[in-house]
Amino acid sequence: MMEFLKQPWLWYLAGPIMGLIVPALLIAGNKLFGISSTLRQICAICLPANIPYFKYDWKQKAWNLFFVAGIVLGGFIATHFLNGQHHVNINPATTALLKTEGIKDFKGLIPTDVFSFEKLLSLKGLIFIVLGGFFVGFGTRYAGGCTSGHSIMGIASLQWPSLLATICFMIGGFISTWFILPYLLHL
Amino acid sequence: MKNIKFLILGALFGIVLVKAEVISWFRIQEMFRLQAFHMYGIIGSAILVGMISIQIIKRFNIKTIDGEEIVIPKKEFRWGNIYGGLIFGLGWAITGACPGPLYALLGSGFYVISITLLSAIAGTWFFGLIKNKLP
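Top line first, the protein sequences correspond to chains A and B.
To get the numbering used here, take the position in the first sequence, counting from 1, and add 213.
To get the numbering used here, take the position in the second sequence, counting from 1, and add 220.
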């Protein structure tokens, strides 16, 4: 069993488990699966600055802070006890393409030649580590949800605005990957 | 502590994110370049299982463990679904991570991602600041 769990998990194991988080949260207390709302929660706790969007009783939704604390913990458990860190066996065509675009480190889950503290103060590092994150935080809240809240929870509960948002996530991602990233990776 | 169950469910989600390589920047690249089924399979089957589960909850009128009626509020359309969605998409392909994986990466020991997470929080704060001026 442990040996099985230590292998990389295939999509048809991982996807259904993720899908079951949806009813589990509903049954556990009428909670809607969604992660990006915690970004708003953290703002409401740390720096509400009299902004109406952050003036609400965050304690009412404290459950989601426990949920994301759990995600951090899960990352730790997977990495230290379930052999979470390893080379990712992506399509060789993707590897070849990324090599021509300047990625050299394919050893782990993320390329450390882009994401590292040493790179943080370079233009490339600022864009990939800082600006990218800013877009994620701004975009998900503007969209009213992220991959979990819209793409999984929203579509699973048959809400068309969530389907629309998901289509836009994908369009944004395609534009970014095909037309912008080749320039950014060469910086 | 009534919130411990959410911590446990979060941990399960975090483990899946890492073990299925959803937190990998490479997997997100492969997805957006349409060179693998992996991520589409994960998100697609998660949606399908979630959808069937919600139908079962409705059909059999399943209650929460505290005996409450389960309600899923309707999402109203906003232009932000489109504009915000596109902006998030741009960022998703660059960072290779949506909000869930940002937390999971942190737990996996990629401490540089704490900067990305802080920046995402800053992005959310900035959204809150200018929210009323946006369409």
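Where a beta carbon is used, it is the ideal one built from N, C-alpha and C, also for glycine.
Asked	Found
Step through the CB atoms of chain B and report whether any lies within less than 9 Å of the CB of TRP437 (chain A).	Only positions 214 to 400 of chain A appear in this structure, which leaves residue 437 (chain A) out of reach.
Say whether chain B places a C-beta atom closer than 9 Å to the C-beta of MET383 (chain A).	yes
Does the distance from the C-beta atom of GLY232 (chain A) to that of LEU232 (chain B) stay below 9 Å?	no
Just the Cα atoms here: how many angstroms apart are LEU229 (chain B) and TYR323 (chain B)?	14 Å
Check whether the Cβ of PHE226 (chain B) lies closer than 9 Å to any Cβ atom in chain A.	yes
Once DSSP output is grouped into helix, strand and coil, what is the label at VAL327 (chain A)?	coil
Return the residue from the list A:PHE279, A:PRO265, A:ALA227, A:ILE264 that minimises the CA-CA distance to MET221 (chain B).	A:PHE279
Spell out whether any CB of chain A is found under 9 Å from the CB atom of LYS353 (chain B).	no
Looking at LEU333 (chain A) and the ligand ZN, is the gap between the Cβ and the nearest heavy atom below 8 Å?	No copy of the ligand ZN occurs in the structure displayed, which carries no ligand at all.
As an exercise, report each continuous alpha helix (DSSP H) stretch of at least 4 residues that is fully enclosed by the region 289-355 of chain B, in chain order.	300-315, 319-327, 333-350
Determine which residues of the region 349-362 of chain A have a Cβ less than 7 Å from any Cβ of chain B, and write them out in chain order.	VAL349, GLY350, PHE351, GLY352, THR353, ARG354, TYR355, ALA356, GLY357, CYS359, THR360, SER361
If distances are taken between C-alpha atoms only, which option among A:LEU397, A:LEU223, A:GLY350, A:PHE294 comes closest to CYS256 (chain A)?	A:GLY350
Going by C-alpha distance, which of A:ILE240, A:LEU394, A:ILE365, A:ASN302 is nearest GLY270 (chain B)?	A:ILE365
Suppose you measure from the CA of ALA291 (chain A) to the CA of VAL238 (chain B); what does that come to, to the nearest Å?	6 Å
Please identify, using Cβ separations under 9 Å, the residues of the region 279-291 of chain A that lie next to chain B, in order along the chain.	PHE279, PHE280, VAL281, ALA282, GLY283, ILE284, VAL285, LEU286, GLY287, GLY288, PHE289, ILE290, ALA291
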